[in-house]
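Visitor: First, the structure itself, so that you have it in front of you.
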Amino acid sequence: MHPRSIRLAALSLALAAATLIAATPAQARPAGTIPAADVTPSDTGPVYSATDRLAREVAGALADSATRGRVLAGTTAGPVDLLRARLGSRADRAAQAANEAVLAAKGLPAATGSVLQLRLASSATKAASAALPLVAAASTDDAMTSVAAYDPAGARILLDPVRVPGRAVLVVEVNVARAMEQGLAQVRQELADRGLTGARAARTTQAGYWATKVNAIRLSNDQETWIKGSAEIFNVVAGFGLDGQPTVNVVEMPYLDNDGTVYYPNQLLVHFNPYKYNLADVVMWEDDGDTNYRDLATALITALLTIVDYGTYTPLVTAIINAMPASWWTDDPDYVDSWYTLSTGSSGRLNGAAANGWMDVTPYWVQQL
Numbered sequence: 001m002h003p004r005s006i007r008l009a010a011l012s013l014a015l016a017a018a019t020l021i022a023a024t025p026a027q028a029r030p031a032g033t034i035p036a037a038d039v040t041p042s043d044t045g046p047v048y049s050a051t052d053r054l055a056r057e058v059a060g061a062l063a064d065s066a067t068r069g070r071v072l073a074g075t076t077a078g079p080v081d082l083l084r085a086r087l088g089s090r091a092d093r094a095a096q097a098a099n100e101a102v103l104a105a106k107g108l109p110a111a112t113g114s115v116l117q118l119r120l121a122s123s124a125t126k127a128a129s130a131a132l133p134l135v136a137a138a139s140t141d142d143a144m145t146s147v148a149a150y151d152p153a154g155a156r157i158l159l160d161p162v163r164v165p166g167r168a169v170l171v172v173e174v175n176v177a178r179a180m181e182q183g184l185a186q187v188r189q190e191l192a193d194r195g196l197t198g199a200r201a202a203r204t205t206q207a208g209y210w211a212t213k214v215n216a217i218r219l220s221n222d223q224e225t226w227i228k229g230s231a232e233i234f235n236v237v238a239g240f241g242l243d244g245q246p247t248v249n250v251v252e253m254p255y256l257d258n259d260g261t262v263y264y265p266n267q268l269l270v271h272f273n274p275y276k277y278n279l280a281d282v283v284m285w286e287d288d289g290d291t292n293y294r295d296l297a298t299a300l301i302t303a304l305l306t307i308v309d310y311g312t313y314t315p316l317v318t319a320i321i322n323a324m325p326a327s328w329w330t331d332d333p334d335y336v337d338s339w340y341t342l343s344t345g346s347s348g349r350l351n352g353a354a355a356n357g358w359m360d361v362t363p364y365w366v367q368q369l
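Each residue of the sequence shown is one higher than the one before, counting from 1 in this note's numbering.
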């Protein structure tokens, strides 16, 4: 279970539908499957389209017993890099093509290398039935009503997104941690090139400067489905630089693996030394596969270059959110929450504006050596 955005209306409808599916008698069909006529998968983004095609090819490659045995052994130990999985010439070519398509869809350079992996969907299926495994692409649709999977014979089977299937399922997905590392580095560089980062002259003294430290953080439980893989959380921290121009920093929170869990990172989130005012805003996002980092950088630059410093602090959250492409509210990256006007004196429990999480923070004096 991983952090996701709370789009309450859509999510409530999806969970209600999924609950009805789960409550319906199986009627002689395998546990975790649903009749194909009942639902139509709605995820049609470019990343999912590429990984779904690849899932069908990987499933076909598993018809070979030697390949199947090697892949199952590998995924039982952990995710397997799909460009190194040795699935056979056809599937290997498909993996290369899919990786190139995903890099393009995410705005990443070819030099990024492999960002696709294959993992076992659930530890509960490690001792699954002796039936041939199914292969599915990790959906990025938070309101999914089914999971499309393929068997080695090429048949398409729709699985219940709520009930973990009794049959082993291998998931083709983006290695989000690797993609985000490369992508956010690119975002930071593009922001720096436009003079929109804290790399400009910062206010420092011999003594040091104030920062905001996150002592504890928790995101709400949004009932994610078993098919979802790892999500990665990042924050856009924004304020006004000493020159009166908006400035941002992108801060990752790789430890936020599970909803409903309190983490104690002791992480510095806001560094006030590059800011004109003692205030900053935080917008939290998560990437579970579809983020186009080039679009993210463009959206941030577009939003920040239109903001004017009128001599008093103006919150930047709304401008950042409004600049995001409309598709990001139905695909990725998902908006998680936002915190307005953190100050050098902010302390204690701060609830997010979207009521999807809270942070316990304290002022922290960064002592210079």
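Just so you know, even glycine gets a beta-carbon here, dropped at the ideal spot from N, CA and C.
Keeping to the same chain, check which residues put their C-beta closer than 8 angstroms to that of Trp358; ignore five residues upstream and five downstream.
Guide: Counting from one through the sequence shown, the residue named residue 358 turns up at place 358. If we look at Trp358 and ignore the five residues flanking it on each side, its Cβ neighbours are Ile217, Arg218, Arg349, Leu350, Asn351, Gly352.
Visitor: Would you mind reading off the limits of the beta strand (DSSP E) that contains Asn235?
Guide: The residue labelled residue 235 in the question sits at position 235 within the sequence shown. That run of the beta strand (DSSP E) goes 232 to 240.
Visitor: Near Trp365, what residues of its chain come up, given a Cβ to Cβ distance below 7 angstroms and the 5 sequence neighbours on each side ignored?
Guide: By one-based count along the sequence shown, residue 365 stands at place 365. Closer than 7 angstroms at the Cβ level, and outside the excluded window around Trp365, lie Gly208, Trp210.
Visitor: Rounded to whole angstroms, what is the Cα-Cα separation between Ser129 and Ser65?
Guide: On the sequence shown, position 129 is the one that residue 129 refers to. On the sequence shown, position 65 is the one that residue 65 refers to. Any reading at Ser129 must be qualified, since the residue scores a pLDDT of 49, below 50, and its modelled position is unreliable; no value is offered.
Visitor: Where does Arg379 sit, in a helix, a strand or coil, going by DSSP?
Guide: In the structure displayed, the chain extends from 1 to 369; residue 379 sits before or after that span and is not available.
Visitor: Taking a contact to mean a Cβ-Cβ separation below 8 angstroms, would you say Val361 touches Ser338 in this structure?
Guide: Translated into positions along the sequence shown, residue 361 becomes position 361. Translated into positions along the sequence shown, residue 338 becomes position 338. No, Cβ-Cβ distance for Val361 and Ser338 is not below 8 angstroms.
Visitor: Just verifying my parser: in three-state terms, what is the DSSP assignment at Gly183?
Guide: Along the sequence shown, one-based indexing puts residue 183 at 183. Helix at Gly183.
Visitor: Let me check understanding here. Comparing Cα to Cα, which of Val214, Pro165, Asp259, Asp288 lies closest to Trp266?
Guide: Walking along the sequence shown from the start, residue 266 turns up at place 266. Residue identity differs from the one stated: residue 266 is Asn in this sequence, not Trp. Of the listed residues, the one whose Cα sits closest to Asn266 is Val214.
Visitor: Could you name the residues of the same chain whose beta carbon sits closer than 7 angstroms to that of Ala98, not counting the 5 residues immediately before and after it, in chain order?
Guide: The count along the sequence shown starts at 1 and reaches residue 98 at position 98. If we look at Ala98 and ignore the five residues flanking it on each side, its Cβ neighbours are Ala50, Thr51, Arg53, Leu54, Leu116.
Visitor: Roughly how many angstroms separate the alpha carbons of Pro25 and Gly166, rounded to a whole number?
Guide: On the sequence shown, position 25 is the one that residue 25 refers to. On the sequence shown, position 166 is the one that residue 166 refers to. Because the pLDDT of Pro25 is 33, which lies under 50, any placement of that residue in the model is unreliable, and the question is left without a value.
Visitor: Out of curiosity, what's the CA-to-CA distance linking Val237 and Gly113?
Guide: Taking the sequence shown and counting its residues from 1, one reaches residue 237 at position 237. Taking the sequence shown and counting its residues from 1, one reaches residue 113 at position 113. C-alpha separation (whole angstroms): 29 angstroms.
Visitor: Taking the straight line between their C-alpha atoms, what separation do you get for Tyr451 and Ala85?
Guide: This structure cannot settle anything about residue 451, because the visible part of the chain is limited to 1 through 369.
Visitor: Here's the rule I'm using: 16 or more other beta-carbon atoms within 10 Å means buried, otherwise exposed. How should Glu286 be labelled?
Guide: For the purposes of this step, residue 286 is taken as the residue at position 286 of the sequence shown. Buried.
Visitor: Closest to Gly371 by C-alpha separation, out of Gln182, Asp160, Leu342, Gln245, would be which residue?
Guide: As shown, the chain starts at 1 and ends at 369. That puts residue 371 outside it, with no answer to give.
Visitor: Could you tell me the distance, in whole angstroms, from the CA atom of Ser139 to the CA atom of Ala231?
Guide: Here the question's residue 139 lines up with position 139 in the sequence shown. Here the question's residue 231 lines up with position 231 in the sequence shown. Distance between the alpha carbons of Ser139 and Ala231: 12 angstroms.
Visitor: Using a Cβ-Cβ cutoff of less than 7 angstroms, which residues in the same chain neighbour Asn356 once the five nearest sequence positions on both sides are dropped?
Guide: Looking up residue 356 in the sequence shown gives position 356. Ile6, Leu219, Ser220, Val336, Asp337, listed in sequence order.
Visitor: Contact between the stretch 152 to 166 and the stretch 257 to 265 is defined here as three or more beta-carbon pairs at a separation below 8 angstroms; is this criterion met?
Guide: Touching, no, given that fewer than three Cβ pairs across the two stretches are closer than 8 angstroms.
Visitor: With a cut-off of 8 angstroms on the beta carbons, I'd call Ala111 and Leu134 a contact; round off their distance for me.
Guide: Along the sequence shown, one-based indexing puts residue 111 at 111. Along the sequence shown, one-based indexing puts residue 134 at 134. The pair is not a contact, with the Cβ atoms about 34 angstroms apart (cut-off 8 angstroms).
Visitor: For Asp81, collect the residues of the same chain with a Cβ closer than 7 angstroms to its Cβ; drop the 5 residues on either side in sequence, then sort them by chain order.
Guide: Taking the first residue of the sequence shown as 1, we reach residue 81 at position 81. Counting only Cβ-Cβ distances below 7 angstroms, and skipping sequence neighbours, we find Ser114, Gln117.
Visitor: Of the choices Thr247, Gly88, Val270, Val174, whose alpha-carbon is the least far from that of Asp288?
Guide: Within the sequence shown, numbered from 1, the residue matching residue 288 stands at position 288. For the residues Thr247, Gly88, Val270, Val174, the minimum Cα distance to Asp288 belongs to Val174.
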